[in-house]
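J.:
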DNA sequence: GCACTTTGTCTGTTATTGATATACAAATGC
DNA sequence: GCATTTGTATATCAATAACAGACAAAGTGC
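Chains as they are written, first to last, in this note's numbering: chain A, 9 to 136; chain B, 9 to 136.
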């Protein structure tokens, strides 16, 4: 299901949140669906349950999940886009830096173009 | 020149390294060019010079810069791609998570597609 | 209804690390 | 030669990520 990289410098709880958010955006979970309990997912990932709980809390703050004490985490009806009107800087710059890093690592332009076009097609299809 | 976001959770020294790397990949600096001294750039950015030094050291390790004690940082002749044969996972996954985050923030698919296509064109033009 | 389990939360504790302060050594410029 | 410039090395402080362990309350089976 999810892959956690303990060596990465992005914190584990955020890796979990990012991964789940990606699946939520992709529509893999519908409203009302239950996510695994914090402990179950924690065991599955090999981390502490508090780490998972922090990820769930973050997603709940973003409006993706409804957290009730013993009912687990249920996916919310609909996610209204956050109200901060972030400009293109929030996306354009990280993208360019990501590309620079990839090029610096020796990945070919061709491969990067292919990946970018893949994403474009997914976006056009409304899948992601 | 560079913009540093102190509120960001990605460390400042890495923001500096990322920004400079992006400019290096873009070819804005030619071989032999001198980068500003650590202190000058530090003052410009409002951070400690050790923070800038750390960024320079990282870029030097990657082969972009030549660091000599009192000669400042000079751009190297050519950057040979790092020898680790990282798969597509190093690019595809971060890209998808970046897109998911952008969508979650309410950025339109249209804008994202535009940005992606921009990058594709830049890549095709060999500019970036 | 009552024990027992399940589940998310709360309160520390520890280790890592990002950023700074400060001193240092060596090269440069006059 | 001497003051200045420049990158580096060491120490310190603060923030925080991850974990440990206990807790309260809702569910579950009888």
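Glycine included, each C-beta is placed from N, C-alpha and C at the ideal position. It should be emphasised that the depicted structure is a prediction, and the values quoted were computed from it without experimental measurement.
#1: Would you decide whether residue 76 (chain A) is buried or exposed? Buried here means 16 or more other CB atoms lie within 10 Å of its CB.
#2: Taking Cβ positions, are residue 24 (chain A) and residue 83 (chain A) nearer each other than 8 Å?
#3: Which residue marks the beginning of the beta strand (DSSP E) containing residue 75 (chain B), and which one marks its end?
#4: Excluding five sequence neighbours on each side, which residues of the same chain lie with their C-beta closer than 7 Å to the C-beta of residue 64 (chain B)?
#5: Quick one: give me the first and last residue of the beta strand (DSSP E) that residue 83 (chain A) is part of.
#6: Tell whether a beta-carbon distance below 8 Å holds between residue 67 (chain A) and residue 36 (chain A).
#7: I'd like to know if residue 9 (chain A) contacts chain B, where contact means its C-beta is closer than 8 Å to some C-beta of that chain.
#8: Please go through the same chain and pick out, in chain order, the residues whose beta-carbon is closer than 8 Å to the beta-carbon of residue 16 (chain B), but skip the five residues on each side of it.
#9: For the alpha helix (DSSP H) containing residue 129 (chain A), list its first residue and its last residue.
#10: Check whether chain B comes within 8 Å of residue 14 (chain A), counting only Cβ atoms and requiring the distance to be less than that.
#11: Would you mind working out which of A:107, A:102, A:78 and A:55 sits nearest residue 120 (chain A), comparing C-alpha positions?
#12: Identify every residue that forms a DSSP beta bridge with residue 137 (chain A).
#13: In whole angstroms, give me the CA-to-CA distance for residue 131 (chain A) and residue 128 (chain B).
#14: What residues in the stretch 29-55 of chain A have a beta carbon less than 9 Å from any beta carbon of chain B?
T.: According to the structure shown:
#1: exposed
#2: no
#3: 73-76
#4: Counting only Cβ-Cβ distances below 7 Å, and skipping sequence neighbours, we find 46, 73, 75 and 81.
#5: 80-83
#6: no
#7: no
#8: 23
#9: 117-132
#10: no
#11: A:107
#12: A query on residue 137 (chain A) cannot be resolved here, the shown segment of chain A reaching from 9 to 136 and no further.
#13: Roughly 15 Å separates the two Cα atoms.
#14: 29, 30, 31, 32, 33 and 34
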